[in-house]
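**Student:**
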Amino acid sequence: MNHDREHIIEVTNLTKKFGSFTAVNNISFYVYKGEIFGFLGANGAGKTTAMRILCGLLTPTSGKVLIGGEDVLLNPEKHKQSIGYMSQKFSLYEDLTVYENIRFFGGIYGLTKKEINHRAQELMKRLDLLDSSNTLISNLPLGWKQKLAFSVAILHHPKIVFLDEPTGGVDPVTRRQFWNLIYEAAEKGITVFVTTHYMDEAEYCNRISIMAEGSIAEMDTPSKLKEKYQAKNMNEVFLKVATKQ
Amino acid sequence: MASQHAFVLSVAHVSKRFGRVEAVCDVSFQIQKGELFGLIGPDGAGKTTLLRMIATVLLPDTGTIRLLEYDAVKDYREIRCRLGYMPGRFSLYPDLTVEENLTFYATVFGTTIEENYSLISSIYKHLEPFKDRLARNLSGGMKQKLALCCALIHRPDFLILDEPTTGVDPVSRKEFWETLSQLVQHGITVLVSTPYMDEANLCHRVALMQNGKMMIIDQPSNIIASFPKPLVRITHGDAYSLYKDLQEYIHTDSVHVFGHEVHYTDKQQQPDLVSLRKFLDIKGYASASIEMITPSVEDCFMHYMGKSKMQA
Chain A
1 MNHDREHIIE
11 VTNLTKKFGS
21 FTAVNNISFY
31 VYKGEIFGFL
41 GANGAGKTTA
51 MRILCGLLTP
61 TSGKVLIGGE
71 DVLLNPEKHK
81 QSIGYMSQKF
91 SLYEDLTVYE
101 NIRFFGGIYG
111 LTKKEINHRA
121 QELMKRLDLL
131 DSSNTLISNL
141 PLGWKQKLAF
151 SVAILHHPKI
161 VFLDEPTGGV
171 DPVTRRQFWN
181 LIYEAAEKGI
191 TVFVTTHYMD
201 EAEYCNRISI
211 MAEGSIAEMD
221 TPSKLKEKYQ
231 AKNMNEVFLK
241 VATKQ
Chain B
246 MASQHAFVLS
256 VAHVSKRFGR
266 VEAVCDVSFQ
276 IQKGELFGLI
286 GPDGAGKTTL
296 LRMIATVLLP
306 DTGTIRLLEY
316 DAVKDYREIR
326 CRLGYMPGRF
336 SLYPDLTVEE
346 NLTFYATVFG
356 TTIEENYSLI
366 SSIYKHLEPF
376 KDRLARNLSG
386 GMKQKLALCC
396 ALIHRPDFLI
406 LDEPTTGVDP
416 VSRKEFWETL
426 SQLVQHGITV
436 LVSTPYMDEA
446 NLCHRVALMQ
456 NGKMMIIDQP
466 SNIIASFPKP
476 LVRITHGDAY
486 SLYKDLQEYI
496 HTDSVHVFGH
506 EVHYTDKQQQ
516 PDLVSLRKFL
526 DIKGYASASI
536 EMITPSVEDC
546 FMHYMGKSKM
556 QA
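Respectively, the protein sequence lines represent chains A and B.
Numbering-wise (my numbering), the first sequence opens with residue 1 and increments by one.
Numbering-wise (my numbering), the second sequence opens with residue 246 and increments by one.
#1: Are the C-beta atoms of R176 (chain A) and some chain B residue less than 8 Å apart?
#2: Below 7 Å between beta carbons is the criterion; list the residues of the stretch 483 to 507 of chain B that meet it against any residue of chain A, in chain order.
#3: What would DSSP say about A231 (chain A), mapped onto helix, strand or coil?
#4: Select from B:E359, B:V413 and B:H496 the residue whose C-alpha is nearest the C-alpha of L521 (chain B).
#5: Any contact between the stretch 126 to 133 of chain A and the stretch 66 to 84 of chain A? By contact I mean 3 or more CB pairs, one from each, below 8 Å.
#6: Can you tell me which of B:F282, B:A257 and B:V256 puts its alpha carbon nearest to the alpha carbon of D407 (chain B)?
#7: Are L476 (chain B) and I538 (chain B) touching if we call contact CB-CB under 8 Å?
#8: Could you round the C-beta distance between A380 (chain B) and V413 (chain B) to whole angstroms and report it? I think they count as a contact, below 8 Å.
#9: In chain order, what residues of the same chain have a beta carbon less than 7 Å from the beta carbon of E165 (chain A), not counting five sequence neighbours either side?
#10: Starting from the N-terminal side, write out each stretch of the beta strand (DSSP E) that is 3 residues or longer and does not extend beyond the stretch 22 to 52 of chain A.
#11: Quick one, which of B:V272, B:Q430 and B:V253 has its alpha-carbon nearest R262 (chain B)'s?
#12: Can you tell me which of A:M51, A:Y32, A:K33 and A:G34 puts its alpha carbon nearest to the alpha carbon of L40 (chain A)?
#13: According to DSSP, is A251 (chain B) helix, strand or coil?
#14: At a Cβ threshold of 8 Å, is E423 (chain B) touching chain A?
#15: Leaving out five residues before and five after F150 (chain A) in sequence, what residues of the same chain have Cβ atoms less than 6 Å from its Cβ?
#16: Under three-state DSSP, which class holds H505 (chain B)?
#17: Out of B:L393, B:D320, B:N361 and B:K474, state which residue places its alpha-carbon closest to the alpha-carbon of H371 (chain B).
#18: Which residues bound the alpha helix (DSSP H) around L284 (chain B)?
#19: Quick check on DSSP: helix, strand or coil for G551 (chain B)?
#20: Hey, is D443 (chain B) close to the ligand SAH, as in C-beta under 7 Å from one of its heavy atoms?
#21: Tell me which residues of the stretch 429 to 444 of chain B have at least one Cβ-Cβ distance to chain A shorter than 9 Å, keeping chain order.
#22: Just how far apart, CA to CA, sit L525 (chain B) and E227 (chain A)?
#23: Under a three-way DSSP split, which group does M87 (chain A) fall into?
#24: On the DSSP bridge list, what partners appear for S534 (chain B)?
#25: So the alpha helix (DSSP H) C55 (chain A) belongs to, where does it begin and stop?
#26: Can you give the beta carbon distance from H501 (chain B) to R175 (chain A), rounded, assuming they're within the 8 Å contact cut?
#27: Could you please tell me which residues of the stretch 454 to 466 of chain B, in chain order, have their CB closer than 9 Å to any CB of chain A?
#28: Taking C-beta pairs closer than 7 Å, name the residues in chain B that V173 (chain A) reaches, listed in chain order.
#29: In three-state DSSP terms, what is S336 (chain B)?
#30: Give the single residue among B:Y549, B:T309 and B:E323 whose Cα lies nearest to the Cα of F403 (chain B).
#31: Please compile the residues from chain B whose C-beta is within a distance smaller than 7 Å of the C-beta of P141 (chain A).
#32: Closest to P60 (chain A) by C-alpha separation, out of A:T12, A:K232, A:D95 and A:E35, would be which residue?
#33: Taking 6 Å as the limit between beta carbons, can you name the residues of its chain near G357 (chain B), skipping five residues before and five after?
#34: Would a check of beta-carbon distances place L273 (chain A) closer than 8 Å to chain B?
#35: Quick one, which of A:K64, A:F21 and A:N134 has its alpha-carbon nearest I9 (chain A)'s?
#36: Have a look at B:H431, B:T410 and B:Q513 and flag the residue whose alpha-carbon is nearest the alpha-carbon of W422 (chain B).
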């Protein structure tokens, strides 16, 4: 790995406390530009809290987050326009059509009307949704919804996209198609920051971190971690790291 | 009375439609006493609809369901006394404490926590230190444990669990399945749904579900044995490029990425490994290793998905 590569995310001594509970405990890490970075951890390990801080949705108790060299805390609103976000729980408005969702999010991300129209056509063509542009999201199969949600999250060509368990509940074929979209985005230079509970998907990442009890317990490439823990796959690595505590 | 085939659940030609969507489509299957039976399929396969009809909280459009020798439509009261049901969504009262939730469910079923404590003790002991905490303030894993205790407090004969491990990390999932096999040892028949294909191997029998239909019902080992062709595993550092190149290979029947591996079947019944090797060398994957492997349930699921699409 080339260590001269630009760090798109740089997190230094990040801590978040809720009352007496420390959700994120003094973590530091960086993510390279264009990398697919897997952010793993047990339930309650602090993943969601850390991700929310990185997205500018939550203020940390202490520590620093630089995204693209800029301090997220200083200008969270500007920051939000330069990132994309998608989760399984919230992605698209069910009672709007495919086109209305694209137009809405394009507007939120500050695209012009012309840009929105151009990108909407291009996006619907690529996902084979041109005939469904007036279909309500609630009538789309889950797999299509997820693929559309991802494409909408990168509609404004962000530097980085955050994906919170994007493939939960999706069938195995669609899950793989979804990862093809992630690879395509990464090839275009978009950095991908993703959480998942599917350990085979952890193998698709360039590097991963595993959080446990608010700290980063491990961070490396999947192959180095498998070597270190003498594990056949990432599931074994995860079980060994998470039960080590 | 007790015959060799003591089916505790018989589902015959059950269908359920919501408007234009046929959620469950002519499903028939049976479960024997003491079985751990898994419904495996993605969101939208019809798992929850089917489980809700078996749990007597939703009426089928057509077909019959007999559970514990009762009819699910006519005798729902009798069934409900002997059935434990843990729905997919949080089924607890957020503004009651841990202990209050459990007491509430015990009272509804005319029993007490003490009477059936032995059944839940191994699960409840993790919760007891927090028995005065409001359910809304529990972590996901603890909520799940409490919901299971509440579903078990009346010592049901039949337990239905709707996606208990969805969104749960691999460590907690492993613990949860260990708990389930203990319950089966206590004589409880368990019907559980999950979107995680790897969990199929922990069940006695499973049904693979997609688009409201059961594609296959059998023991996991038989499902794996039914995979129609030899499966080839190709391992290379860049599995994604390898996958893209293999899609262009003339002998490719199916190709899927599995983490850092690619699973491949050949159009011919016996794959021509010499030609495959040659193709990989030309494309720059000289370091790739090729092995014949046993398919996983996920391989089988994708095979049957492709098959049902062709029939449709």
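Where a beta carbon is used, it is the ideal one built from N, C-alpha and C, also for glycine.
**Tutor:** By the coordinates alone:
#1: yes
#2: Y485, H501, V502, F503, G504 and H505
#3: coil
#4: B:H496
#5: no
#6: B:F282
#7: yes
#8: Going by Cβ atoms, the distance from A380 (chain B) to V413 (chain B) rounds to 17 Å, so no, they are not a contact pair.
#9: S87, Q88, T195, T196 and H197
#10: 36 to 41
#11: B:V272
#12: A:M51
#13: coil
#14: no
#15: M86 and L181
#16: coil
#17: B:L393
#18: Counting along the chain, L284 (chain B) falls outside any alpha helix (DSSP H), though it belongs to the beta strand (DSSP E) covering L281 to I285.
#19: helix
#20: Questions concerning the ligand SAH fall outside what the structure shown contains, since it holds no ligand whatsoever.
#21: P440, Y441, M442 and D443
#22: 25 Å
#23: Looking at the sequence shown, residue 87 (chain A) is not Met but Ser. Looking at S87 (chain A) - three-state DSSP - the assignment turns out to be strand.
#24: B:T480
#25: Element bounds for C55 (chain A): n/a, residue is neither H nor E.
#26: The pair is not a contact, with the Cβ atoms about 10 Å apart (cut-off 8 Å).
#27: Q455
#28: M547 and M550
#29: coil
#30: B:E323
#31: G289
#32: A:T12
#33: First, the residue type needs correcting, since residue 357 (chain B) is Thr and not Gly in the sequence shown. Hits under 6 Å: A351.
#34: Residue 273 (chain A) lies beyond the stretch modelled for chain A, which goes from 1 to 245, so this question has no answer here.
#35: A:K64
#36: B:T410
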